[in-house]
Structure formats: structure tokens, C-alpha cells
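> Residue numbers (our numbering), protein chains in the order written: chain A, 1 to 287; chain B, 288 to 586. Glycine included, C-beta positions come from ideal geometry on N, C-alpha and C. Here you go, one structure.
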């Protein structure tokens, strides 16, 4: 069963009198398989958020249809197993972190000890236990993003729709969210992720789709799309210069070319996280 | 983030019918929001200050003091409840859309009608709460005044002739009757029905407008037009188009029974029931219209 399926999904927005219509999404046929992490990529205005809104029935399609677990998106029951984190989420600023999760849990039919236990689990999961009784008006952007993730997970949904989940989050928080997505995938959850951060998408997604001006211009398995079958990288350690020369000679003798020989670099993110790990005061958030 | 395992709490229900529970959850949240906001507190405090100080301004003859207090307090309750109905409801939907909190709610298995009804009931809870608070203070002010007047009359009782004492007893009885006037409940009920209707009109306007100013001004104008409906009918009796336009506006003049009660005229319960039913029927129609618009609205 597909977690999400769309057929010729089209959305035109009315721009007002004498201004015509804007084609935000053009006959999108998309399929997100159950259990995979799917990355929806594209520049601003490409139709990513419109797609998510159509799937959640927040807006009506001009043409085409969409289904969640084979249930038409126009039906409320289609959202029974869906968790959604909007881009730059704002929540009720007068509620505390725990009250916020309680509110969303009750909306999902949860109550009593079960809800209380779930709130504790999620506050612990997103690292907001110490800020549980603080009103959201005192939360940082990263903390709001984390409480947003927690509310999306409150009813343990099978499908998660995350719109720019790491927007405004520092590298530590960003890595935490990435790790969480991978853990959710390990638990068999399906994730549809919309993001601008290509490196992050590459790390967590099984498949990606690239939208531009409302149309899908590229789609496929991430590993297949980014691998170059004609080139090969062999990483060795402590290779003497003489041995290196013999390796290069052997490569040429086999009819291949040596395109580059360089010392591998770490990523700035790994360097940053390593530096924080080595800091004796520990690594963490000022919650 | 810590290493706690992701919980696997199953959601047992596979059918999503209309749920009064979800309506209640949204209503309570709406009430909490309103109570923790300064605008509502501002109006309520203004109302309470006016009611609380009513007895200090009652510089009238002995018999008119209670009448003045009742007049002032009922007027304040009427004005403040109308203001809270408009201001408290006008920002409910626009703020949800502007802050995108509506996305997180409607992304859950929540019907739009449940959301709309929850917001409206939250607004009504707020009205009931504020009217109750004002009524409690109103009752306290009346009781304090009544006790003061009785004490004052009692002091003149001793040393009087039997005929004069009987007269004082009659005056004390009159003070008690005026202070504990059950008809005041009728006036408050009428105010609540009026404020509910005003809130529903504001809700209707806010389903298609995102401007807070528009959402406040339009219901206020409808309310004023409804108050003047009776006079306008006399003025424009010949203009059919104007009269048909006016017929759409609820007749808010019907709810003004405080003067009658304060003049000592009997307002029968049947009349109050009629007024409340009139308000409720129109409220239901307007909320259904609001639902029809909101269910098609793109968010």
C-alpha cells in the first residue's frame, strides 16, 4: 500500500480580479511508498508546500486527486495516522510545552494516563523536559521546532509530513532531527520531507523528487541518482609515496585514468560537532 | 535529544465521526487563550470597575439609589458583553490562520465544523464567564447597598410612633423587594442571548475576512443597524428595498428589556423565552452559514 499517492494533482490560485491564475502545481503524480523517507525538493514557489496542503486537505485541488493509505484526502479519516510539522511553526504561545502536547493529544482522542505517559516520552525524546512548564512564548525557534515535532508524533502516526523541519535550527538540533527521522524510519514510519538542505536530504532520504514551477522534473532513488558509475574512490591510510606511484601506474596500465589524488576532507558539520563533543562542559541546548 | 525509545501508542479508532469531545477541547483551549490575553481582561476589568463603583455615584434620593445601581450595572453588563462578543470572536479565526496553528489542528483528524464550533463555544464560555463575574459583583454591590439602607432605616425605627414604625417596616420591605428583584435575571438572560447572536455574526464575518478591523467594524455596524431597526422601519416604511435589506439584520431592539424591568413593569417569562428562542434560532442559522463558508475556505 502506498502511504501517499497523487494523480494529476493540479492547483491554480486565483490572484484576484484581472490578474488571472497562478499555476502552483501542474499534474503531479507522486507515490510515496510505505516505510520510506521521501524528500520533496525544489526552490521557493516550486509547489512543495502546496503539495503538502493538498494532501492534508487544507486546500482543494483544481484537478486530480490524492490518497493517504488509499483513503481519499478529502476524508477526515485519511488524517488519522498522519503527523504534520508546518514550516516555521507557531503554536499557542500562552500554553506550556506539556500543555501543548496535552492539547494535541486530546484532539487525537487520547486521555488520562496514556496521554500523560506519551507526553513524558515525547518531551524526553525532543529534549524539552526542563522546559516542559515554560510557556511557548519563552521558547527559542529551535525549541518551537522540537515541540512541533513532538506534537506531530503525539498520536504515534504511521506517516509524517515535515515541511522544512530544520529551518532555523542550529547544527546540533539539525543533526538530532536527522537522527530522529532515521530512527522513525527504522520503526517502519513513512516520512515525506520537504527541505532546502540538500545535504540533509541526501543523508536521510531513500527517494527524492525535485519540483520546479509546479512540475516534477526529477525523481528517483537517492543512491542511484547521485552515484557516478564510471568513477571509483578508494580511500587508503598511511600509503607511502613509492607505493602510491605503483598504484597510479597500475591504474594507467589497466587503461583507466587517475583524475585526482587528494586527502579526504571532513565536513564542516562533523568538525563542528566534534569540537562540541570535546568541550569538557558538554554539548547541549540552553533550555 | 535523548535516547528514549519512540513510543508506539496505537490509535484505536478507525472511524472519525463528529466528536463533541474535540469541540470541547478546542473550546477550552479558546477560553484559556482569551483568559490569558490582555484584551479580554481589560474589558472585564473596566466592566467590574464600573459596576463596583456604581453605588458611590448613587447620589439620589433614598428610593432612587437602588434603581440607579441596577440601571448602571445592567447597562454596563449589556455594553461589555457586546464588546467582548465582538472583540473576543473577531480574532479567533484570523489569528489561527496568521499563526498557522490552524494547520496543526486540521492536520489531525479534526473536522472543520468541529474546529469552528469549538472556537464559537470557546467564545460563548468567555461570555458566560464574564457575565457571571459581572453579575456576582452586581449582586454584591446590590446586597451591600441594601444592607446599608436597611441599617439606616433601622436606626430611625426606635423611638418612633407605631404608625411611623410600620411605615419604616414597609420601607425596609420595599428595599428588600427592589434589591432582590428576580426580574434582573431576565435582563441578564436577554443580554446573554444578544451577545451570543452578536458573537455568531462576528464568527460569520471572520470566516471570509482576515482583517481584524473589518471583523470588528462590520458586526458592530450590524448590531447598531439591528438596534435601530424599529426606528428605521418607521422612517423608511415606504422604501421596500431598504426594508428588505433591514429584514436580514436581527432585531437587537427586542433584547432591550432592562428599562422595562427597572421601571417596575412585569416582563413575563414567556416573553423572555421568546426573545431567547429568537436569538438562538438566528444564532444557529448564522453558525450554519459560517460553516458553509469555512468548509470551502482555502487555508
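(1) For residue 91/A, collect the residues of the same chain with a Cβ closer than 6 Å to its Cβ; drop the 5 residues on either side in sequence, then sort them by chain order.
(2) Are the CB atoms of residue 337/B and residue 363/B within a distance shorter than 8 Å?
(3) Can you name the residues of chain A whose CB is closer than 7 Å to the CB of residue 386/B?
(4) Got a sec? Which residues, its chain only, sit under 6 Å from residue 370/B by beta carbon, not counting five neighbours each side?
(5) Run through chain B and tell me which residues come within less than 7 Å of residue 106/A, C-beta to C-beta.
(6) What are the boundary residues of the beta strand (DSSP E) that residue 216/A is part of?
(7) Determine, using beta carbons only, whether residue 473/B and residue 548/B come nearer to each other than 8 Å.
(8) Is the beta carbon of residue 495/B sitting closer than 8 Å to the one on residue 514/B?
(9) Please list the segments of the beta strand (DSSP E) lying wholly inside the region 53-119 of chain A, counting only runs of 3 or more residues, in order along the chain.
(10) Mind pulling the chain B residues with CB within less than 8 Å of residue 94/A?
(11) Tell me the rounded alpha-carbon separation between residue 11/A and residue 27/A.
(12) If you follow the beta strand (DSSP E) that residue 4/A is in, where does it begin and where does it stop?
(13) Measure the CB-CB distance between residue 158/A and residue 81/A and report whether it falls below 8 Å.
(14) Residue 302/B versus chain A: which residues are under 8 Å apart at the beta carbon?
(15) So who's on the other strand from residue 21/A, going by DSSP bridges?
(16) Excluding five sequence neighbours on each side, which residues of the same chain lie with their C-beta closer than 6 Å to the C-beta of residue 397/B?
(17) I want to verify the contact list: residues of chain B whose CB lies under 8 Å from the CB of residue 256/A, in sequence order.
(18) Give me whichever residues DSSP pairs with residue 38/A in a beta bridge.
(19) Between the region 389-406 of chain B and the region 418-430 of chain B, are three or more C-beta pairs nearer than 8 Å?
(20) My understanding is that residue 181/A touches residue 191/A, with C-beta atoms under 8 Å, so please give their C-beta distance in whole angstroms.
(21) List, in chain order, every chain A residue whose beta-carbon is nearer than 7 Å to that of residue 309/B.
(22) Here's a check: name, in chain order, each residue in its chain whose Cβ is nearer than 8 Å to the Cβ of residue 295/B, leaving out the five neighbours to either side.
(23) Any beta-carbon of chain B closer than 8 Å to the one on residue 291/A?
(24) How big is the Cα-Cα spacing for residue 253/A and residue 247/A?
(25) Three-state secondary structure (DSSP) at residue 300/B?
(26) How long is the line joining the alpha carbons of residue 423/B and residue 475/B, rounded to whole angstroms?
(27) Whose Cβ in chain A lies nearer than 7 Å to the Cβ of residue 397/B?
Taking the geometry as given:
(1) 100, 136
(2) yes
(3) 90
(4) 330
(5) 312
(6) 215-221
(7) yes
(8) no
(9) 63-68, 82-85
(10) 319, 320, 323, 324
(11) 8 Å
(12) 2-14
(13) yes
(14) Contact note: residue 302/B reaches chain A through 77, using a C-beta cutoff of 8 Å and chain order.
(15) DSSP lists 14/A as partners of residue 21/A.
(16) 309
(17) Within chain B, no residue comes near residue 256/A; the closest Cβ sits about 45 Å away, beyond 8 Å.
(18) DSSP, once it has assigned bridges, lists 192/A, 207/A as partnering residue 38/A.
(19) The region 389-406 of chain B vs the region 418-430 of chain B: no contact.
(20) About 6 Å; that satisfies the 8 Å criterion.
(21) Residues of chain A with a Cβ closer than 7 Å to the Cβ of residue 309/B are, in chain order, 107.
(22) At residue 295/B the pLDDT is 41, less than 50, meaning the model places this residue with poor confidence and gives no usable figure here.
(23) Shown here, chain A extends from 1 to 287; a query on residue 291/A therefore has no answer.
(24) 10 Å
(25) Note that residue 300/B has pLDDT 44, beneath the 50 cutoff, so the model's placement of it is unreliable and the number below is only indicative. In this structure, residue 300/B counts as coil in the three-state DSSP scheme.
(26) 12 Å
(27) 107
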